[in-house]
Structure formats: structure tokens, C-alpha cells
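Under our numbering, think of the first position of the sequence shown as 366, with each following residue one higher. Idealized CB from N, CA, C, for every residue including glycine. Below is one structure, written out as C-alpha cells; comments come after it.
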Amino acid sequence: MESLQREMEQKERQLVQLETDLKIEKEWRLALQNDFQRERETTSELRAQTLQLSTLKKEFLRLQDENGQLQTICDEQEQALQELGYKLSESKLKIETIKEANKALQGLVWLKDRDATSCRLCEKEFSMSTRKHHCRNCGEIFCNACSDNELPMPSSPKPVRVCDTCHALLLQRCSFSTT
């Protein structure tokens with residue numbers, strides 16, 4: 366009987382040990398299930414983010430393509446504007462040439478000395494110390510400071526006095542016609 370008693374005690378200890386092991390296994394299994402559930406949720410979130418990134422990448426590539434097309438259009442329009450600006454400058458110079466030719470055909474009218482009391486450009490009053498000078502291009506009267514330029518003109522074999530305005534205009538026309 367004693368041996369049965371010991372065997373029973375041993376079986377009870379085994380039972381307690383097995384119940385403890387079973388309890389640990391259940392807790393471990395529950396922890397694994399919780400971890401597994403969290404991993405599933407994380408995986409689901411990552412799939413959603415991957416899908417969102419894929420959509421954003423497609424949108425980015427579409428916008429990048431659209432940007433390239435718009436940049437091409439912008440470059441073409443800038444080129445067209447530059448060409449128009451060049452043609453406009455060309456037209457303005459032609460108009461000035463026509464105006465000058467028209468003036469020459471109508472006979473250049475020089476302003477009379479007595480009609481000018483001040484410089485046409487800076488409006489400085491003429492006096493004994495501030496002399497009057499005719500521009501040989503436009504015929505207006507200027508002070509020395511506003512007409513101290515000389516350029517060759519078709520009407521004269523040597524350079525003649527021209528005002529600052531005509532000087533700039535004639536130089537621009539000359540530089541434009543050589544380009």
C-alpha cells in the first residue's frame with residue numbers, strides 16, 4: 366500500500382507539473398496568438414501603405430510627365446517671344462528709318478536759333494556761356510553737353526555733331542544692321 370501511496374503522490378506531482386506546464390503552454394500559445402494577430406494587422410497596414418505608395422508613384426510619374434510637357438511648351442513659347450521681340454526691334458528700327466527718310470524727303474527743317482530758349486533735352490536755359498548747337502540729324506537745338514557726339518552722316522563726308530538721342534538711335538541702328 367505504501368508503494369501505491371508513493372505512486373499516487375508521484376502521479377499527483379506529475380499531474381501538478383503537467384497542469385503547470387499546460388498553463389504555461391496555454392499562456393505561451395495565447396501570447397503567440399496575440400503576436401500573430403498584431404503581425405497580421407501590421408501586414409495589413411503595410412499592404413495598404415504599399416498600395417497607397419504605388420498610387421502616389423503613378424500620380425508622381427503622371428505629374429512628372431505633365432511637367433515635362435508643360436516645360437516643353439513654355440520653352441517653345443519663350444523662343445517664340447524672343448523671335449517676336451527680335452522682329453519687333455527690327456520693325457521699330459525700320460519705322461525710324463522710314464521716318465528719317467520721310468523727314469529727308471520733306472526737307473529737314475532746322476529749328477531757328479531765335480525759337481530755342483533752352484536745350485531740347487535737358488531744358489537748360491541758353492545764355493552767353495551756354496551756347497546753342499544744332500543736331501545735324503534731327504535739326505533740333507541742344508546745349509553742348511547734350512550734343513557733344515559726332516557721327517558720319519550720308520549728307521557729310523566727315524563726322525558731324527549729333528544730339529545724344531540721335532547718337533544712341535544711330536548707333537543702335539548701325540549695330541543692329543551689322544548683326
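Run through DSSP, which three-state label would residue i get?
i: residue 476; result: coil
i: residue 401; result: helix
i: residue 470; result: Unreliable positioning characterises residue 470 in this predicted model, as indicated by a pLDDT of 45, which lies under 50. A coordinate reading is not provided.
i: residue 366; result: coil
i: residue 387; result: helix
Please return the same chain residues whose Cβ sits closer than 7 angstroms to the Cβ of residue i, not counting the five positions on each side in sequence.
i: residue 489; result: 483, 495, 508
i: residue 511; result: 484, 486, 487, 528, 529
i: residue 499; result: 475, 506
i: residue 416; result: none
Whose C-beta lies closer than 6 angstroms to the C-beta of residue i among residues of the same chain, with five residues either side of it excluded?
i: residue 414; result: none
Does the Cβ of residue i have 16 or more other Cβ atoms within 10 Å, making it buried, or fewer, making it exposed?
i: residue 470; result: Only weak support is given to the placement of residue 470: the predicted model assigns it a pLDDT of 45, under 50, and the value that follows is read from those uncertain coordinates. That one is exposed.
i: residue 439; result: exposed
i: residue 506; result: buried
i: residue 526; result: buried
i: residue 540; result: exposed
i: residue 487; result: exposed
i: residue 432; result: exposed
i: residue 502; result: buried
i: residue 399; result: exposed
Could you tell me which residues DSSP pairs with residue i in its beta bridges?
i: residue 378; result: Paired residues: none, contrary to the question.
i: residue 516; result: 525
i: residue 490; result: 483
i: residue 507; result: 498
What does a CB cutoff of less than 8 angstroms around residue i pick up in its chain, not counting 5 residues either side in sequence?
i: residue 474; result: 504
i: residue 461; result: 534, 538
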